[in-house]
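Q: Have a look at the structure that comes next, please.
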């Protein structure tokens, strides 16, 4: 499993990195056979530390958790506990209802547009019927079943 451990305007030392790798690795390996990568970001907000962790699983699912505390290790431990709880809740669904894929998730290319806001326009001044496109990008959309898509939304906290 690949780890990306970083801090926003704080230094993440070797001791914290090894703690994150051992604890998060143990948690994820317990509930998932083939995790692919983990992204952990530490930041500081006033008088507390924040820890955001995202783990990508081989099934195509992404699990994320956030923890905060006055100490940086306690913030990570809170985040890890939330990740543990989340993965434990979905373990049965991941194993029974959504068998692990034998091949990776297929991604389809799709356009993504960034549109300009209608700040100064009123109803009496129609400049154009089409919105102004600021940027046109390509993005990847995974091909998932309905059940997998619902589980992905629940794991990411979108519901």
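In the numbering used here, the protein residues as written are 96 to 254.
Cβ atoms here follow ideal geometry from the backbone N, Cα and C, with glycine treated the same way.
#1: Please report the residue range of the alpha helix (DSSP H) in which residue 113 lies.
#2: Residue 145: which of 103, 184, 157 sits nearest, CA to CA?
#3: Which residues in the same chain have their Cβ closer than 7 Å to the Cβ of residue 167, if we skip the five residues on either side of it in sequence?
#4: Mapping DSSP to helix, strand and coil, what is residue 99?
#5: Do you know offhand how far residue 157's Cα is from residue 177's?
#6: Does the distance from the C-beta atom of residue 147 to that of residue 161 stay below 8 Å?
#7: Name the DSSP bridge partner or partners of residue 245?
#8: Just the Cα atoms here: how many angstroms apart are residue 96 and residue 105?
#9: In three-state DSSP terms, what is residue 183?
#10: In the DSSP assignment, what residue or residues form a beta bridge with residue 163?
#11: I'd like to check one pair, residue 250 with residue 155: are the Cβ atoms closer than 8 Å?
#12: How is residue 175 classed by DSSP in three states: helix, strand or coil?
#13: For residue 123, I'd like the list of residues in its chain whose CB is within less than 6 Å of its CB, leaving aside the five on either flank, ordered along the chain.
#14: Excluding the five sequence neighbours on either side, which residues of its own chain have a C-beta within less than 6 Å of the C-beta of residue 118, listed in chain order?
#15: Under a Cβ-count criterion, where at least 16 other Cβ atoms within 10 Å of its own Cβ denotes burial, should residue 171 be classed as buried or exposed?
#16: Any idea if residue 264 is buried or exposed, counting beta-carbon neighbours within 10 angstroms, 16 or more meaning buried?
#17: Shortest alpha-carbon distance to residue 204 belongs to which of 181, 132, 237?
A: So, from the data block:
#1: Numbered from 1 along the chain shown, position 18 holds the residue referred to as residue 113. Residues 109-126.
#2: Numbered from 1 along the chain shown, position 50 holds the residue referred to as residue 145. The shortest C-alpha separation from residue 145 is found at 103.
#3: The residue labelled residue 167 in the question sits at position 72 within the chain shown. For residue 167, where only same-chain residues beyond five positions count, the Cβ hits under 7 Å are 111, 137, 144.
#4: Walking along the chain shown from the start, residue 99 turns up at place 4. Strand.
#5: The count along the chain shown starts at 1 and reaches residue 157 at position 62. The count along the chain shown starts at 1 and reaches residue 177 at position 82. Taking the straight line joining both Cα atoms gives about 14 Å.
#6: As a position in the chain shown, residue 147 is number 52, starting the count at 1. As a position in the chain shown, residue 161 is number 66, starting the count at 1. Going by C-beta atoms, residue 147 is nearer than 8 Å to residue 161.
#7: Taking the chain shown and counting its residues from 1, the one referred to as residue 245 is at position 150. Paired residues: none, contrary to the question.
#8: To locate residue 96, count along the chain shown from 1; it is residue 1. To locate residue 105, count along the chain shown from 1; it is residue 10. Straight-line spacing of the CA atoms in residue 96 and residue 105 works out to 24 Å.
#9: Here residue 183 is taken as the residue at index 88 of the chain shown, counted from 1. Reduced to three states, the DSSP call for residue 183 is helix.
#10: Taking the chain shown and counting its residues from 1, one reaches residue 163 at position 68. 145, per the DSSP bridge assignment.
#11: Mapped onto the chain shown, residue 155 falls at position 60. Mapped onto the chain shown, residue 250 falls at position 155. Not a contact, by the Cβ cut-off of 8 Å.
#12: Here residue 175 corresponds to residue number 80 of the chain shown, with the count starting at 1. Here residue 175 sits in helix by DSSP.
#13: Position 28 of the chain shown holds residue 123. Cβ within range, chain order: 130, 150.
#14: For the purposes of this step, residue 118 is taken as the residue at position 23 of the chain shown. The residues are 175.
#15: As a working note, residue 171 is residue 76 in the chain shown. Buried: at least 16 other Cβ atoms inside 10 Å.
#16: What the structure shows of the chain is the stretch from 96 to 254, and residue 264 is not part of that stretch, so it cannot be assessed.
#17: Sequence index remark: in the chain shown, residue 204 carries index 109 (1-based). Answer by Cα proximity: 237.
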